[in-house]
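The structure under discussion appears below in the form of structure tokens.
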Ligand SMILES: CC(C)(COP(=O)(O)OP(=O)(O)OC[C@H]1O[C@@H](n2cnc3c(N)ncnc32)[C@H](O)[C@@H]1OP(=O)(O)O)[C@@H](O)C(=O)NCCC(=O)NCCS
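In this note's numbering, the protein residues as written are 234 to 617.
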């Protein structure tokens, strides 16, 4: 029998659009108003006052930590920044033309094999794994990048914050306070975003009672695609290809005429300006003014103007990936690590959702509508 729509308890929705798959207290997006909250706190407030460490604690445990809790949590993350030597060798053996997202995916998978809690499925062990993965992913991103460039690997610095240490391990230089703070804001803005594709992927894996490392590997794989976190790298490619403010209008019009997607625009939930893009736009503006290198920001602003004029009526506005690409460019970070940096932040949200969902787990097992043939006669091989 071919399936019939009436058999299903809920209407079919392509890409699960509008279908709730979990109940969560972690974050909420108001896509009409363009608001985002983590555990009730507006993203603008966290971007102004919080740190990545504090935000991660908030996402996992539901409340802001007190001083002792925060100090202990930070110490825990610092203690787990190092990765084993064999992992460094392994990164060194990955072909140089491998994208750092693939290196990250491979390394997180391997970390799972050596995790001291690998046979422990308790909540406590899951939290310890979340700490280790969060701490070590930043190190892997930095090492994957430096290995590709043939640069020496830099030991983590326990005196630096998570954000500052990440920049230090990437660039080899301790960032100034302003740059370190900007990195912190970037990590906070990317840390969590509701039921997106990578979070859902991680949760589906976790719901089978598989392990935390597998769930995060799944999240990394899903984030990589250009319709999700991979867009930030494509944004910079597009801006570099456009090359000048004058080229923006014909480029965008031509792309839209060919029905191509403009990277860094549009969102399944936001039908207005993404609040994270608004914050990052201001950083991008300040950085480009400060450096005197205003060309990239000017091209970006012009793209925004043209795309909103052409597609605003459809609810297509800049998303987080658009201005983050300019900010990274201004920080002189190479584009192939834009998405790995996104992953190094989003691991906080992936793990938060896994921890929350497993407290009341039910395996994800949706269904599908069969529209293939029925009652087909089997013809033996020799007669085909
Ligand atoms: C994010 C994204 C996948 C959401 O997709 P979605 O929810 O399935 O959105 P839809 O495909 O239903 O888009 C609705 C309409 O807006 C258009 N649209 C959406 N994003 C667009 C974009 N970036 N460029 C051009 N048109 C876009 C669609 O073509 C569609 O038009 P139509 O109704 O005439 O067919 C999509 O906006 C996109 O591909 N963006 C570019 C990649 C990106 O920046 N990803 C990062 C997201 S944070």
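Beta carbons: idealized from backbone N, C-alpha and C, even for Gly.
For residue 436, the shortest C-beta to heavy atom distance toward ligand 1 is 7 Å or greater. When the beta-carbon positions are compared, residue 583 and residue 448 come within less than 8 Å of each other. In the DSSP assignment, residue 565 falls outside any alpha helix (DSSP H), carrying neither H nor E. Here DSSP, grouped into helix, strand and coil, assigns residue 552 to coil.
A direct Cα-Cα distance of roughly 7 Å separates residue 457 from residue 572. According to the DSSP secondary-structure assignment, residue 275 is paired through a beta bridge with 270.
Going by DSSP, residue 261 is part of the beta strand (DSSP E) stretching over 260–263. Counting along the chain, the unbroken alpha helix (DSSP H) around residue 515 starts and ends at 508–524. Around the beta carbon of residue 528, a 10 Å sphere encloses fewer than 16 other beta carbons of the protein chains shown; the residue is thus reported as exposed. Relative to the Cα of residue 526, the nearest Cα in the group 538, 559, 549, 548 belongs to 559. Between residue 588 and residue 272, the C-beta spacing is not below 8 Å. When only Cα atoms are considered, residue 296 and residue 290 end up about 8 Å apart. Inclusion of residue 575 and residue 423 in the CB contact set at 8 Å is warranted, their separation being smaller than that value.
Listed in chain order, the non-local C-beta contacts of residue 399 below 6 Å within the same chain comprise 371, local neighbours out to five positions each way being set aside. Taken through DSSP and simplified to helix, strand or coil, residue 498 comes out as strand.
It is roughly 17 Å from the alpha-carbon of residue 567 to the alpha-carbon of residue 420. In this structure, DSSP gives residue 417 a helical state, which the three-state scheme calls helix. A direct Cα-to-Cα measurement between residue 397 and residue 600 gives close to 45 Å. With contacts defined as CB atoms closer than 8 Å, residue 455 and residue 446 fail to qualify as a contacting pair.
According to the DSSP assignment, residue 369 belongs to the alpha helix (DSSP H) that extends over 356–381. In this structure, the beta-carbon distance from residue 512 to residue 287 does not fall below 8 Å. When rounded, the separation of the alpha-carbon atoms in residue 303 and residue 236 is 53 Å. If one requires a minimum length of 4 residues, the alpha helix (DSSP H) runs lying completely within the segment 459–500 are 464–475, 478–490, in chain order. Contact check between the segment 402–418 and the segment 432–445: fewer than three CB pairs, one atom from each, fall below 8 Å, which does not count as touching. The residue among 263, 340, 433 with its C-alpha nearest the C-alpha of residue 596 is 433.
Residue 402 carries a helical assignment under DSSP once its states are collapsed to helix, strand and coil. Around the beta carbon of residue 262, 16 or more other beta carbons sit within 10 angstroms, so the residue counts as buried.
Ligand 1 approaches residue 498 closely enough that one of its heavy atoms is under 7 Å from the residue's Cβ. Shown here, residue 614 sits in a helix according to DSSP, grouped into three states.
Look at residue 281 here: in three-state DSSP terms it is helix.
For the set 592, 402, 485, 547, the Cα lying nearest the Cα of residue 539 is the one of 485. Taking 8 Å as the cut-off, the beta carbon of residue 376 is found closer than this to the beta carbon of residue 324.
When DSSP states are grouped into helix, strand and coil, residue 445 belongs to the helix group.
Closest by C-alpha distance to residue 293, out of 453, 516, 363, 501, is 363. For ligand 1, no non-hydrogen atom lies closer than 7 Å to the CB of residue 454.
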